[in-house]
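Comments concern the structure below.
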Amino acid sequence: MVPAHSAEDPPKLSMLAGRSNLALRIVSSLVLAPLAIAAAYFGGVIFIVFWAAAALIVFWEWQTLVCAHDRNAVLAIGGAALVGAAVMLFGNLNGTALALVALGGLGSAALASRSRRAWCASGLLYGAALLIAPVILRSDASLGFAAILFVFAVVWLSDIAAYFTGRALGGPKLMPRVSPNKTWSGAIGGTLAAMLGGVLVARYFGVANMAAVAVVALVLSLVSQAGDLFESWVKRRFDTKDASQLIPGHGGLMDRLDGFVTAALAAVLIGMAHGGVPAPARGLMVW
């Protein structure tokens with residue numbers, strides 16, 4: 005005799021699927037996070053290669069998402085621009101790297117279909133930000149490693165605390181049309197955790213002005229969450245749940261780095277504005 009299905013079966017299955025997905029997310033994070041920290045610790049060529057590889061993957065995911073059938077030529081010219089930019093970063097030729105990205109963006113726009121030109125070109129800018137921003141931040145000899153760990157802590161704790169706080173407390177949705185699962189309670193919890201994590205990292209490296217560091221962490225957390233929402237909006241715009249299925253439990257690499265892209269870019273801009281172009285990490289951390 006076949007047992008009848010109760011009305012509770014779908015929720016139970018959904019709960020089991022959610023737990024399985026969470027387990028995959030944790031395992032994937034336990035692999036990826038140490039790799040990112042190790043690359044940041046060694047710096048130099050290893051760090052540039054690490055983020056160049058990430059940028060190429062994210063660029064591919066973006067073009068697969070938005071460029072439809074004409075993406076091969078765009079991928080070729082954009083990929084070449086990213087590789088060229090990485091080579092220039094090896095020699096600290098940051099201006100040349102930016103120029104190559106600009107040329108690649110123009111080439112991508114020219115090769116894409118008329119209706120997708122802006123989308124295809126913006127994918128290269130997105131990937132380039134993921135490559136260039138952390139490399140410039142890490143290149144500051146005084147506090148480059150500390151600044152990268154600071155951004156890691158802010159972004160990761162924003163994401164983790166927002167997830168668990170939102171699940172535990174629930175409440176009003178943050179932007180239901182863009183990301184239905186995100187809540188105001190999660191956003192606030194993520195921001196507070198990011199501020200605490202940022203202060204602890206700064207304290208470990210001997211930074212004195214904790215109040216200023218907390219404010220910087222607050223800003224970067226908000227920017228990180230905005231980056232997450234932006235990527236969710238792009239995926240909804242193109243009717244896709246995940247950028248790819250590259251990382252078990254996470255989706256695509258772009259799904260994991262959406263907040264880091266915007267936070268790292270904001271960190272470099274804040275650091276340069278406060279500490280000058282040669283010392284973005286010191287400008288970010290020392291107030």
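Count the sequence shown with this note's numbering and you get residues 5 to 291, in order. Ideal placement from N, C-alpha and C gives every residue a C-beta, glycine not left out.
To the nearest whole angstrom, what separates the beta carbons of residue i and residue j, a pair I think is in contact under 8 Å?
i	j	result
I81	G111	4 Å
L104	A85	5 Å
A271	L233	That belief does not hold up - the Cβ atoms of A271 and L233 are roughly 18 Å apart, past 8 Å.
C71	A116	6 Å
P176	W188	5 Å
Note down the Cα distance separating residue i from residue j, rounded to an integer number of angstroms.
i	j	result
G109	A132	10 Å
F63	L134	10 Å
T100	V203	35 Å
W237	R181	9 Å
F209	S146	11 Å
V87	I61	12 Å
V158	R118	39 Å
W291	A247	38 Å
L28	P282	40 Å
C124	L34	32 Å
L178	T266	19 Å
R241	P184	14 Å
A37	I30	10 Å
A122	L128	10 Å
V67	A212	According to the sequence provided, residue 67 is Gln. The question's Val does not apply to it. Going by the C-alpha atoms only, they are around 43 Å apart.
R120	A165	36 Å
P138	Y45	13 Å
K239	Y167	19 Å
K245	T195	25 Å
D259	G279	31 Å
S18	L102	For S18, the predicted model reports a pLDDT of 46, less than 50, meaning its position is unreliable and no value from the coordinates is stated.
F54	D243	30 Å
R171	Y130	30 Å
N98	E235	26 Å
S126	A216	33 Å
E186	G231	Per the sequence shown, residue 186 should be read as Lys rather than Glu. Straight-line Cα distance between these residues: approximately 13 Å.
Would you mind stating whether residue i and residue j have Cβ atoms separated by less than 8 Å?
i	j	result
L141	G263	no
Q249	A191	no
G201	T169	no
L269	A58	no
I50	A43	yes
L173	I136	no
M214	A206	yes
S162	A218	no
A40	F156	yes
E65	L257	yes
A106	I52	no
N76	S143	no
Is residue i a contact residue of the ligand GTP, with contact defined as CB to any heavy atom under 7 Å?
i	result
Y208	For the structure depicted, the ligand GTP is absent and the ligand set is empty, with no information on it obtainable.
With DSSP as the reference, identify every bridge partner of residue i, one or two as the case may be.
i	result
S162	Partner(s): none; S162 has no beta bridge.
T293	Residue numbering for the chain in the displayed model covers 5 to 291; residue 293 lies beyond these limits and cannot be assessed.
G255	I251
Taking 8 Å as the CB-CB cut-off, is residue i touching chain D?
i	result
F168	Considering every chain present, this structure includes no chain D. It has just one protein chain.
Using 8 Å as the Cβ pair cut-off and three pairs as the minimum, do the stretch 275 to 290 and the stretch 237 to 254 touch?
-> no
Is it true that the stretch 79 to 99 meets the stretch 148 to 159, where meeting means three or more beta-carbon pairs spaced less than 8 Å apart?
-> no
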